[in-house]
Amino acid sequence: MLKILKYSFYDLSRSRWSYVYFFFYLLLGVVLLFLNNDLSNAVITLMNVIIILVPLISTIFGVMYFYNSREFTELLLALPVSRNSIFLGQYFGLAISLSTSLILGLGLPFIAYGVLQSGAIWDFASLLISGVFLSLIFTALALNIALSNENKIKGFGLAILLWLFMAIVYDGLFLVALVYFQDYPLDKFSLITIMLNPIDLSRILILLKLDISALLGYTGAVFKDFFGTALGTIISFSVLICWVILPVWRIKYISEKKDF
Amino acid sequence: MVTITNLHKQFGNLKVLNGLNLQITEAGIIAILGPNGSGKTTLIKSILGMVLPQQGEIKVIDSKVHKRYGYRQKIDYLPQIANFPSNLKVKELIEMVKDLRGQSTRDKELIQLFKLEPYLDKKLGKLSGGSRQKVNLVLCFMFDSPLIILDEPTSGLDPVSLIRLRELIQQEKVKGKTILITSHIMSFVEEISDRIIFLLEGKIYFKGTVNDLKTVTGEPNFEHAIANILTSNHA
Amino acid sequence: MIKQLHRVFFYLKSKFLCVALIGFMIENIAAQKIIVCENCEVNSLQTAIQQAEANDTIFIKNGIYKEHDVIIDKALHIKGENYPVIDAEMGGMGLKIKAENFSVEALKIINVGTSHTKDFAGILISEGKKFELKNNILDDVFFGILIERSSEGIISGNRIESNSKEQATSGNGIHIWKSENILVKNNTVKGLRDGIYFEFVDKSKIINNTCKNNLRYGLHFMFSNNDLYKSNVFENNGAGVAVMYSKFIDMQHNHFRKNWGSASYGLLLKEITDSTLKNNNFEDNTIAISADNTNRIDFLENDFKNNGYAVRIRGAVYDNKFKRNNFLYNSFDVAYTGKLNNNEFLNNYWSNYSGYDLDKDGIGDVPFRPVSLFSYVVNKTPEAIILLRSMFIDLLNFSEKVSPIFTPADLIDKQPKMKKIVW
């Protein structure tokens, strides 16, 4: 698997799109920091970018990559290499290359600006960690889509729908449910609902750093335990890890059943 | 070498292989023929483990195929469409396949044979279809495996390379290997193959030498003999 | 003529000086020093006080004096050397003072008993006048300094600490009731119920104190008018400062920090009018300012940074002005209940402002709407807070800003600043 990973990563590290992605983040970081000259503000704007764009780019880029490398995959399938190594290798190759673009693209300008010496370092670190998790999760979901759909157009469509749903529609439905059932105790329901969407989950992880004052304003005991202690961070991370493991496991499952 | 018993495969409602039995014990060049959709590619891919049959069993040199991959060490495969990761250089791709499969002795010789030296540092995405097919051939023949499967090996090749390919196949045959070929260029098949397997509706319709086929159909010309099978069958 | 007049004046002046000097000398001769130490003839503070005449000074040497309910009823100056300890052994109060012209300096009073019926204090001053409590340490006390019906006092440099667990069994650090002209300066109060408590205290000043980790309020302020509090730090208290039922209060240069919790805020304003808040710093509070029945208050040049809510406006809040404040990275800048507004927001800097300044005059060309629809939603459905900063919420807020339906349409800053205001 490591060999496949190496070659996928190698292939991607030469791809135009990886550079586009990298320079996009680099530019964003530079513009935010050096034109705005305000670290806290930059971190907040970055959060929006990461929550929205990382899933979008990971899904689209992921689906595109897997459709385009179909022949390469077939070449590999005829070699004495297990299907697991091929698909997991390609998956990690892609996910790592996307994460690297993100970390370097944003990290370099922030380090140049001096984030290491500032108090915002942990806010920034939690941003990057969330970003990496989102890359891992949405690349895996993209690979799931690509493996389950032979039709490229349908695959792309589903990828965009998935993103739209996770990034916007889900929260809308959730809010409607909250307002509709507001007479009932909703704190457990809310937390569980948030856990079921990785975008919301990463948002919460960042909020725990940025907006803890506001989150602690809520009276419910469940929220208080969740946000007020390390419990929130621990649970969020565990669920995020599950969110990586489940789609990756499904990649393994489908890829073993699939005809090429 | 290859033993297939009662192989069934359908994609959705489409039955492609329908209880196919095949035993290839001997060395030599065997052409797999059949009309479009007769299951040639599916058969090859089943042997390679890329297509998973619903029913039946395939053994390649005493090893079951299902859910294994080690046996592919003993197969050299030339896929039909040669499309490679476009950001890799030719050299890197060859190194990669060597890295994944292990020992190779003949890569330099083959590169020379197909005159690929000037392309070694080019990215695969920038190569013409014919050059890509040559790379494909190098990748296939650079390992010395007892079973060779060639899916449309002639596509896109210039006449010189075609001659080289024929020679190459003959050399391998002399080494005592089993070579499975699909092609729709009948003259190529007629010239090169020792025996042919004719697939029709997911089963083996005919198995024998080219001459056997001519005798059975009563046609002196190979192409007409093939056409004869198809028309008589469909009539 | 003028020269003569001058001479007469000079003569009178020197005569007066002479008389004053003689008066001072007499007083000085009359005033005695009494020294108290563990092995001295006078080995308790109470004995020393009994022996002393008015205007005497009592020096207490370093040591432990197990005494409680020490009564001071004359004009004395009590001064500790190296912080002698008055240990009340949980038996009652430390000092009980009812006098004029006195001072207590550099004592350490510990172990003041708790009571459900009596307000036991480290130092109790009742009907005192012209006094000074300076640089004392009060440790493990129920109430720290309790002052009632007094005036013209200075309480400075005292350090009051306790370990309060629940509100019902704890007292306040500096508790002042029905007094006026008191100066509370440079004190530190930690771990009590209220740090500083003012009830019916007029014309007084609270300057440069630190109130930390108190159970209820850092500063609790009720029915007190014409007061000033300035340059104090209120950190990590149950709530920072509550100012209630008061008017003409001047609040300047205070720091309100880290007041976290569901019922917590930096500053609670309730039934307060005609006051000024200037140059204060609110940071990391769940709610920086919660205002209720608050009228005619000027909020000028304050910094609101990283708060959950910067300003939460509840009912009956009219004619207030918010000018030249910095609203920086708060989850909500202004939360507002109701649709009517006549408070004025002008020339503030909002880090959430995304407008532009084409004419480069430093003022944004589009007005800023500090109240978001989401704050309205969270008010109705508190669990929705978990959706903070999600894209759906951003879209929601955006559409509300384009055409306000739920939030007051006229609550806008017409001239938002483009750059942080430096004050």
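The listed protein sequences derive, respectively, from chains X, F and C.
Just so we're aligned: the first sequence equals residues 1 to 260 in the working numbering.
Just so we're aligned: the second sequence equals residues 261 to 495 in the working numbering.
Just so we're aligned: the third sequence equals residues 496 to 918 in the working numbering.
Note that beta-carbon positions come from the ideal geometry of N, C-alpha and C, so glycine has one too.
Under 8 Å between C-beta atoms of residue i and residue j
i, j, result
"Asn780 of chain C", "Phe751 of chain C", "yes"
"Val696 of chain C", "Gly690 of chain C", "no"
"Ile649 of chain C", "Glu627 of chain C", "yes"
"Ser443 of chain F", "Ala291 of chain F", "yes"
"Ala879 of chain C", "Leu175 of chain X", "yes"
"Arg809 of chain C", "Asp787 of chain C", "yes"
"Tyr10 of chain X", "Gly105 of chain X", "no"
"Val866 of chain C", "Ala830 of chain C", "yes"
"Lys463 of chain F", "Asn278 of chain F", "yes"
"Thr609 of chain C", "Thr664 of chain C", "yes"
"Val806 of chain C", "Ala783 of chain C", "yes"
"Asp920 of chain C", "Asn842 of chain C", "Missing from the structure shown is residue 920 of chain C; chain C here goes from 496 to 918 and no further."
Residues near residue i in its chain [Cβ-Cβ closer than 8 Å; skip 5 each side]
i, result
"Ile529 of chain C", "Val537, Ala543, Gln546, Ala547, Asp551, Thr552, Ile553, Phe554"
"Leu201 of chain X", "Ile194, Met195, Ser236, Val239, Leu240, Trp243"
Chain X within 8 Å of residue i, Cβ atoms only
i, result
"Asn347 of chain F", "yes"
"Asp404 of chain F", "no"
"Asn775 of chain C", "no"
"Glu878 of chain C", "yes"
"Phe344 of chain F", "yes"
"Ile677 of chain C", "no"
"Val398 of chain F", "no"
"Asp787 of chain C", "no"
"Ser846 of chain C", "yes"
"Tyr851 of chain C", "no"
"Thr705 of chain C", "no"
Same chain only: Cβ atoms within 6 Å of residue i, ignoring 5 sequence neighbours per side
i, result
"Lys444 of chain C", "Any question about residue 444 of chain C goes unanswered here, given that chain C covers just 496 to 918."
"Ser699 of chain C", "Ile677, Asp722"
"Gly436 of chain F", "Ala287"
"Lys725 of chain C", "Ile702, Gln747, His748"
Any chain F beta carbon closer than 8 Å to residue i
i, result
"Val81 of chain X", "yes"
"Tyr21 of chain X", "no"
"Tyr67 of chain X", "no"
"Tyr91 of chain X", "no"
For residue j and residue i, the rounded distance between their alpha carbons
i, j, result
"Lys257 of chain X", "Leu312 of chain F", "7 Å"
"Ala495 of chain F", "Ser306 of chain F", "Residue placement at Ala495 of chain F is flagged as unreliable, the pLDDT there being 44, under the threshold of 50; a coordinate-derived value is accordingly withheld."
"Ser741 of chain C", "Phe718 of chain C", "5 Å"
"Asp564 of chain C", "Glu694 of chain C", "24 Å"
"Pro247 of chain X", "Leu88 of chain X", "11 Å"
"Leu210 of chain X", "Ser885 of chain C", "13 Å"
"Gln314 of chain F", "Ile153 of chain X", "28 Å"
"Ser478 of chain F", "Leu490 of chain F", "According to the sequence shown, residue 478 of chain F is Gly rather than Ser. Cα-Cα distance, rounded: 14 Å."
"Gly217 of chain X", "Ala230 of chain X", "17 Å"
"Asn606 of chain C", "Leu619 of chain C", "15 Å"
"Asn481 of chain F", "Leu459 of chain F", "19 Å"
"Arg332 of chain F", "Pro80 of chain X", "5 Å"
"Ile111 of chain X", "Leu134 of chain X", "22 Å"
"Gly803 of chain C", "Asp381 of chain F", "59 Å"
"His670 of chain C", "Thr100 of chain X", "60 Å"
"Lys300 of chain F", "Tyr65 of chain X", "29 Å"
Within-8 Å CB hit, residue i to chain C
i, result
"Phe174 of chain X", "yes"
"Tyr184 of chain X", "no"
"Ala78 of chain X", "no"
"Ala95 of chain X", "no"
"Gly217 of chain X", "yes"
"Leu207 of chain X", "yes"
Contacting residues, own chain, Cβ-Cβ under 7 Å from residue i (five flanking each side not counted)
i, result
"Glu483 of chain F", "Met446"
"Thr59 of chain X", "Phe138, Leu141, Ala142, Ala159, Leu162, Trp163"
"Ile204 of chain X", "Ile194, Ser236"
- [ ] Compile a chain-ordered list of the residues in the region 750–767 of chain C whose CB is closer than 7 Å to at least one CB of chain X.
- [x] For chain X, the residues of the region 750–767 of chain C that bring a beta carbon within less than 7 Å of one of its beta carbons are Trp755, Gly756, Ser757, in chain order.
TODO: May I ask you to list, following chain order, the residues of the region 853–866 of chain C that have a beta carbon less than 9 Å from some beta carbon of chain B?
DONE: In the displayed structure, chain B is absent; the protein chains listed are X, F and C.
TODO: Pull out every residue of the region 113–124 of chain X whose Cβ sits closer than 8 Å to any Cβ of chain C, in chain order.
DONE: Listed by position along the chain: nothing, the set is empty.
- [ ] Could you name the residues of the region 878–895 of chain C whose beta carbon sits closer than 9 Å to any beta carbon of chain X, in the order they occur along the chain?
- [x] Against chain X - using a Cβ distance shorter than 9 Å - the residues of the region 878–895 of chain C are Glu878, Ala879, Ile880, Ile881, Leu882, Leu883, Arg884, Ser885, Met886, Phe887, Ile888, Asp889, Leu890, Leu891.
Task: the region 236–258 of chain X: positions lying closer than 9 Å to chain F by Cβ - done: When CB distances to chain F are screened at a threshold of 9 Å, the residues of the region 236–258 of chain X falling below it are Glu256, Lys257, Lys258, in chain order.
- [ ] Could you please tell me which residues of the region 300–313 of chain F, in chain order, have their CB closer than 8 Å to any CB of chain X?
- [x] Taking 8 Å as the cut-off between beta carbons, the residues of the region 300–313 of chain F near chain X are Lys305, Leu308, Gly309, Met310, Val311, Leu312, in sequence order.
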